[in-house]
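Visitor: Numbering of the sequence shown is given in our numbering, commencing with residue 2 and proceeding in unit increments.
Shown below is the structure under consideration.
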Amino acid sequence: MLSSDDVRADGDGREADAFEALFQEVYLAFHRRDGKRSGLTGASRAVLMHLAMAGPLTVGEAARHLDRAQSVVSDIVTGLEAKGLLEREPDPQDRRRTLVWLTPAARQVLDRDRRVLSTSRLSVALGRLPPECRAHLLYGLADLVAAARDPAGPGLGPGPSTTTAPPTTTAPPTTTAPPTSEEDL
């Protein structure tokens, strides 16, 4: 565990070392411990993620994109369709073709699958901090990410007065709760 003296550094690279050590501790404290993220096989996850990026495709197109036999991708699609994660729909440009597309449940599964931290654990811990500390933490992390994306760019201010206010909630709003186990899929 780092002390506050370990976090106070003089620009000699100790800040990076302190951040790296704290990042490890944050990850260990807040990583999800609820078992497998979605219960999807790697192949099923690959099909869903590819469709999420590419848009609706025919099974044949998906097979070519994924460099897999069409029969293999067809079996995966059929299984995902049975779980309510994919649906087939006629191609609006060519009614002879059938496209495969994600259902809202599939988008929720993918969103949940991408999350590595427990938002409920984070919410409890953040709730124990004073509001101004939470705000500075979120501003600081947002500025750090902005600096990593554009190190020469403007906008790295001293804190809340120069940065757009961070969200007041710790998790993005959702309209429905994502499935929590494979049985829910």
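Glycine included, C-beta positions come from ideal geometry on N, C-alpha and C.
Treat the numbers as computed from the prediction; the structure is a model and nothing was measured.
Quick check on this structure: which residue in 34, 122, 59, 129 has the alpha carbon closest to the alpha carbon of residue 90?
Guide: To locate residue 90, count along the sequence shown from 1; it is residue 89. Considering only alpha carbons, the answer is 59.
Visitor: Apply the 10 Å Cβ neighbour rule to residue 146 and answer buried if 16 or more other Cβ atoms are within range, or exposed otherwise.
Guide: Start at 1 with the first residue of the sequence shown, and residue 146 comes out as number 145. Label assigned to residue 146: exposed.
Visitor: Could you check the C-alpha separation between residue 163 and residue 143 for me, to the nearest Å?
Guide: One-based indexing of the sequence shown puts residue 163 at position 162. One-based indexing of the sequence shown puts residue 143 at position 142. Here residue 163 scores only 43 on pLDDT, less than 50, and its place in the model is too uncertain to base an answer on.
Visitor: Which one of 63, 22, 119 has the shortest CA to CA distance from residue 87?
Guide: Here the question's residue 87 lines up with position 86 in the sequence shown. For the residues 63, 22, 119, the minimum Cα distance to residue 87 belongs to 63.
Visitor: Give the C-beta separation of residue 24 and residue 119 to the nearest angstrom, bearing in mind that I take them to be a contact with Cβ-Cβ under 8 Å.
Guide: Start at 1 with the first residue of the sequence shown, and residue 24 comes out as number 23. Start at 1 with the first residue of the sequence shown, and residue 119 comes out as number 118. The pair is not a contact, with the Cβ atoms about 16 Å apart (cut-off 8 Å).
Visitor: For the pair the region 68–77 and the region 129–142, tell me if three or more CB-CB distances fall below 8 Å.
Guide: Flag = no, the region 68–77 and the region 129–142 do not touch.
Visitor: Going by beta carbon distance, what residues of the same chain come within less than 7 Å of residue 111, once the five residues before and after it are set aside?
Guide: For the purposes of this step, residue 111 is taken as residue 110 along the sequence shown, with counting starting at 1. Around residue 111: 49, 50, 53.
Visitor: In three-state terms, what does DSSP make of residue 122?
Guide: The count along the sequence shown starts at 1 and reaches residue 122 at position 121. DSSP places residue 122 in helix when its eight states are reduced to three.
Visitor: Return the chain-ordered ranges of every alpha helix (DSSP H) run that is complete within the region 21–100 and spans a minimum of 4 residues.
Guide: Qualifying alpha helix (DSSP H) stretches, in chain order: 43–55, 60–67, 71–83.
Visitor: Hey, how far is the Cα of residue 99 from the Cα of residue 105?
Guide: Here residue 99 is taken as the residue at index 98 of the sequence shown, counted from 1. Here residue 105 is taken as the residue at index 104 of the sequence shown, counted from 1. One C-alpha to the other measures close to 19 Å.
Visitor: Tell me whether residue 28 is buried or exposed, calling it buried when 16 or more other Cβ atoms sit within 10 Å of its Cβ.
Guide: In the sequence shown, the residue the question calls residue 28 occupies position 27. Exposed is the call here.
Visitor: For residue 77, which residues from the same chain have a beta carbon less than 7 Å from its beta carbon, with the 5 sequence-adjacent residues on both sides left out?
Guide: Position 76 of the sequence shown, counted from the first residue, corresponds to residue 77. Answer for residue 77: 44, 45, 48, listed in chain order.
Visitor: Quick one: what's residue 103 bridged to in DSSP?
Guide: Residue mapping note: residue 103 aligns to position 102 of the sequence shown, counting from 1. Paired residue(s): 87.
Visitor: Do you know how far the Cα of residue 14 is from the Cα of residue 85?
Guide: As a working note, residue 85 is residue 84 in the sequence shown. As a working note, residue 14 is residue 13 in the sequence shown. The straight-line gap from Cα to Cα measures roughly 50 Å.
Visitor: Can you find the residues in the same chain that come closer than 8 Å, C-beta to C-beta, to residue 81, ignoring five residues on each side of it along the sequence?
Guide: For this step, residue 81 is matched to residue 80 along the sequence shown. Excluding sequence neighbours, residue 81 sits near 45, 48, 49, 87, 107.
Visitor: Quick check: the Cα distance between residue 92 and residue 73, rounded to an integer number of angstroms?
Guide: Here residue 92 refers to the residue found at position 91 when the sequence shown is read from its first residue. Here residue 73 refers to the residue found at position 72 when the sequence shown is read from its first residue. Rounded to the nearest angstrom, the two C-alpha atoms are 22 Å apart.
Visitor: Residue 127 by DSSP, collapsed to three states: which one?
Guide: If you number the sequence shown from 1, residue 127 lands on position 126. Three-state DSSP puts residue 127 in a helix.
Visitor: Taking the straight line between their C-alpha atoms, what separation do you get for residue 41 and residue 79?
Guide: The count along the sequence shown starts at 1 and reaches residue 41 at position 40. The count along the sequence shown starts at 1 and reaches residue 79 at position 78. Between residue 41 and residue 79, the C-alpha separation is close to 14 Å.
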